[in-house]
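Here full-length UniProt numbering is used: the first residue of the sequence shown is 1, the next is one more, and so on. A virtual CB, placed ideally from N, CA and C, is assigned to each residue, including glycine. All values reported here derive from a predicted model rather than from experimental measurement. Report on the structure given below.
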Amino acid sequence: MSQPIIQVNNVVKTFNVGGGFAKTETFRALQGVSFNLHAGKTLALVGESGCGKSTCARLITKVYPATEGEILYRGRNINEITKRKELLDYRSKVQMVFQDPFGSLNPTHTIAHHLTRPLKIHNQVSDASQIPAKLDELLDLVELAPDTLGKFPHQLSGGQRQRVNLARALAVGAEMILADEPTSMLDVSIRLGVLNLMQKMKTELGIGFLYITHDLATAHYIAEETAVMYKGQIVEWGDTQSILRNAQHPYTKLLISAVPDPDLPFGNLVQSEPDYSVNADKIRKTSGILQPESRQVGPNHFVRLWDNAA
Ligand SMILES: Nc1ncnc2c1ncn2[C@@H]1O[C@H](COP(=O)(O)OP(=O)(O)OP(=O)(O)O)[C@@H](O)[C@H]1O
Ligand SMILES: [Mg+2]
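Printed below as a string of structure tokens:
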């Protein structure tokens, strides 16, 4: 495979969480996380609330630094990206799209404004006369009608707003999009449309995606690779199909058992294996223990070992 755009190597993130007078307690949100992001590919980062998914995205976008380990952008440690212009350039190449498509749009501005500004700031057009054609091209790419430009965010549906956010990432020249639960606030009926759009941006434009979700079922639509995370630790990772069809880690099986759709590729597992949710507490306990060792299951399928004794 080509050189990754982003490499996350053994990243630990601790937060200070108070602790009282003259002492600080720390919380390890990430306990040695590694993964790579490639152009034209999607990695799904899957896990339940609080496991550290958004923290990964915030570290990659330099909201705050890693406590240990390193994050490389095209081979360069992102800690070295400090000059204003370099930082602006990095943030335009590595963009975040959030769960709430309303929250990131300004209600007082039209969609045209939301898309024109990034085009100008990030020098995506050499002079202003090119802007109308560029706006039409962006809308066409994200499959929105041309008259969307004159509308305000509240005049659009949730799915349309998320398309505007994806268009905006394209407007700034993104090569990697970190999509943090991009469809979880959308109706089921329009969710697939947004996932299909991400898929198209990946295959036709070569955009790479980190697709953050708690929903393992949607990962198989768009992600070649999946990393399953629990308590700041990736417990199983590699080829999405291999993980879904041949899950090894009890926590992955627990997630799978929560998806009641027998039509999915892993539907059989749900039927043939015991109900993991019955043992959910024990599985969570064992899966939460820090475990440095892993083993290879398939050509691109790895699982962290676990301690059944917990
Ligand atoms: N700035 C912070 N200070 C202290 N603790 C934090 C901070 N940011 C995150 N955490 C803690 O780190 C853990 C991981 O948080 P994170 O937001 O990455 O979870 P998540 O997997 O994105 O969850 P969700 O699915 O609910 O969005 C949580 O326990 C959270 O409370
Ligand atoms: Mg989150």
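Note down, in chain order, each residue of its chain lying with its Cβ closer than 8 Å to the Cβ of residue i, except the 5 sequence neighbours on either side.
i: K202; result: G40, K41, T42, G208, F209, I222
i: D180; result: K53, S54, A57, M96, V97, F98, Q99, I212
i: I81; result: K62, Y73, L87, Y90
i: E224; result: K41, T42, L43, D239, T240
i: N246; result: V297, G298, H301
Below 7 Å CB to CB, which residues in the same chain sit around residue i once its five sequence neighbours on both sides are set aside?
i: V125; result: L119, I131, K134
i: S2; result: H38, A39
i: R161; result: P101, F102, L105, P153
i: G159; result: L186, I190, G193, V194
i: F27; result: T14, F15, V17
i: Y230; result: G47, C51, Y251, S287, G288
i: L115; result: L135, L138, A167, R168, A171
Quick check: does the Cβ of residue i come within less than 7 Å of any heavy atom belonging to ligand 1?
i: F15; result: yes
i: T55; result: yes
i: A145; result: no
i: S49; result: yes
i: F98; result: no
i: H214; result: yes
i: G52; result: yes
i: F152; result: no
i: residue 312; result: Shown here, the chain extends from 1 to 310; a query on residue 312 therefore has no answer.
i: A39; result: no
Taking only heavy atoms of ligand 2 into account, decide whether any of them is closer than 7 Å to the Cβ of residue i.
i: D180; result: yes
Hey, out of the options, whose CA is closest to residue i's CA?
i: I60; options: N16, E137, K85, R91; result: R91
i: D89; options: M176, V142, P292, L197; result: M176
i: W306; options: T240, Q241, Q233; result: Q233
i: V33; options: V8, A22, E25; result: V8
i: I10; options: T82, N36, V63, R84; result: According to the sequence displayed, residue 10 carries Asn and not Ile. For N10, the nearest C-alpha among the options comes from N36.
i: S294; options: E236, A22, G75, L45; result: E236
i: L216; options: I283, T183, L166, P299; result: T183
i: R284; options: A145, L45, L254; result: L254
i: L197; options: P4, I111, G298, V142; result: V142
i: K282; options: N308, N165, K23, D127; result: N308
Run through the DSSP bridge pairs and tell me what residue i is partnered with.
i: K13; result: L30
i: V8; result: F35, I71
i: W237; result: A227, F302
i: N77; result: L72
i: R295; result: V303
i: A44; result: Y211, T226
Grab me the residues of residue i's own chain with a C-beta within less than 6 Å of its C-beta, minus the 5 sequence neighbours each way, in chain order.
i: F172; result: Strictly speaking, residue 172 in this sequence is Val, with Phe absent from that position. Same-chain partners within the cutoff: S92, P118, H122.
i: E70; result: N9, N77
Using a Cβ cut-off of 8 Å (strictly closer), state whether residue i contacts chain B.
i: V125; result: Protein chains in the displayed structure number just one, and chain B is not present.
For the region 151-220, list the beta strand (DSSP E) runs that are entirely contained and at least 3 residues long, ordered along the chain. Fully enclosed beta strand (DSSP E) runs of 3 or longer: 176-180, 208-213.
Continuous alpha helix (DSSP H) assignments of at least 4 residues falling wholly in the region 49-123: Segments of the alpha helix (DSSP H) lying fully in the region 49-123: 53-60, 84-93, 111-121.
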